[in-house]
Amino acid sequence: MATAIRTQGLTKDYRPAFGGRPIRALDDLSIEIQEGETFGLVGPNGSGKTTALKLLLGLIFPTSGRAWIYDSDLNSPTIKQRIGYLPEGPYYYPFLRAQEMLRFYASLFGMDGQAAEQRVTELLRLVDMERWRYTPVNECSRGMVQRLGLAQALINDPDLLILDEPTSGLDPLVSFRIREVIAGLKDQGKTILMCSHLLHEVEALCDRIAILHQGVVKALGPMEELRAVTQSPPDANLEAVFIRMLSEEKAL
Numbered sequence: 146m147a148t149a150i151r152t153q154g155l156t157k158d159y160r161p162a163f164g165g166r167p168i169r170a171l172d173d174l175s176i177e178i179q180e181g182e183t184f185g186l187v188g189p190n191g192s193g194k195t196t197a198l199k200l201l202l203g204l205i206f207p208t209s210g211r212a213w214i215y216d217s218d219l220n221s222p223t224i225k226q227r228i229g230y231l232p233e234g235p236y237y238y239p240f241l242r243a244q245e246m247l248r249f250y251a252s253l254f255g256m257d258g259q260a261a262e263q264r265v266t267e268l269l270r271l272v273d274m275e276r277w278r279y280t281p282v283n284e285c286s287r288g289m290v291q292r293l294g295l296a297q298a299l300i301n302d303p304d305l306l307i308l309d310e311p312t313s314g315l316d317p318l319v320s321f322r323i324r325e326v327i328a329g330l331k332d333q334g335k336t337i338l339m340c341s342h343l344l345h346e347v348e349a350l351c352d353r354i355a356i357l358h359q360g361v362v363k364a365l366g367p368m369e370e371l372r373a374v375t376q377s378p379p380d381a382n383l384e385a386v387f388i389r390m391l392s393e394e395k396a397l
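FYI, in my numbering the residues of the sequence shown are 146 to 397.
Here it is as structure tokens:
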């Protein structure tokens, strides 16, 4: 199986605005994510999850280390065309209607005319937003904006989908629908990298999971390996494993 994402010693330090010692947000991240895999990053606030995603997207630059997507440099325009990204708390032009917003993103990938209209309609239907296609973004609820955000991330039919807190703060029905869409994309063989504080969702969707704490990967693997590393019971869920690991870290 081919490698979709590979990082080698990826490290990021932030310099405080008013001087002082740099703050290490991510420390020596070295992982491989295979094509078709759904991979989860979990950790407490400030553990380095979003920093890792931003580095992979080329939105910020590493202090040291390297990363590759499909064995290519992160800044390759060809590679960027194969990625879809849903940020946490997405913001879109407020006065565009839902379908206009998606048309705009389609145009960024060179899609226009009938092809763009067909893709926009398909995605609005996929995320249950077809009936609100003429609704301005600033009149959409948070759940509606999140569903539009997922549609936006899929506009280019990406091979790699990067999701940052895809269901955070949403009501149960919207969360369930988004999980359904993600599960369907997984079944299609898409590579998915997702960060979430909702551990039950990560456990249900992800093939392997990395637990980050203070910028360092403390454990990585499928659930059975995470249970073994933390000496958790065979039926322990991800939340129990996560709490056990962080409790042990604080005790050291």
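Using N, Cα and C, we set each Cβ at its ideal position, and we do this for glycine too.
| Check | Outcome |
| --- | --- |
| Integer-rounded CB distance, given that residue 304 should sit under 8 Å from residue 331 | Going by Cβ atoms, the distance from residue 331 to residue 304 rounds to 13 Å, so no, they are not a contact pair. |
| Option nearest residue 271 by Cα separation, candidates 149, 296, 381 and 350 | 296 |
| Distance, residue 370 Cα to residue 378 Cα | 12 Å |
| C-beta atoms of residue 150 and residue 161 nearer than 8 Å | no |
| Buried versus exposed, by CB contacts within 10 Å (16 or more), residue 386 | buried |
| Burial state of residue 189 (16 or more Cβ within 10 Å) | exposed |
| For residue 212, the residue or residues it bridges with in DSSP | 152 |
| Unbroken alpha helix (DSSP H) run spanning residue 323, endpoints | 317 to 332 |
| Given residue 342 as reference, the closest of 157, 186, 153 and 178 once Cα atoms are compared | 186 |
| Bridge partner(s) assigned by DSSP for residue 356 | 187 and 364 |
| Three-state class that DSSP yields for residue 384 in the structure shown | helix |
| Neighbourhood of residue 355 by C-beta distance below 8 Å, restricted to the same chain and skipping five residues each side | 176, 184, 185, 186, 187, 362, 364 and 365 |
| Residue 283 to residue 240 span [Cα, whole Å] | 6 Å |
| Residues that residue 192 bridges to, as DSSP identifies them | Answer by DSSP bridge pairing: none, since residue 192 is not bridged. |
| Element boundaries [beta strand (DSSP E), containing residue 307] | 305 to 309 |
| Sequence-distant residues of its chain with Cβ nearer than 6 Å to residue 147 (five each side left out) | 180 |
| 8 Å Cβ cutoff met for residue 307 and residue 155 | no |
| Three or more C-beta pairs below 8 Å linking the region 307 to 327 and the region 265 to 280 | yes |
| Close-in-space but distant-in-sequence residues of the same chain around residue 281 (CB under 6 Å, 5 per side omitted) | 240 and 242 |
| Alpha carbon of residue 390 to alpha carbon of residue 374, nearest angstrom | 9 Å |
| Integer Cβ distance of residue 345 from residue 384, believed to fall under 8 Å | 7 Å |
| CA-to-CA distance, residue 333 to residue 249, given in whole angstroms | 26 Å |
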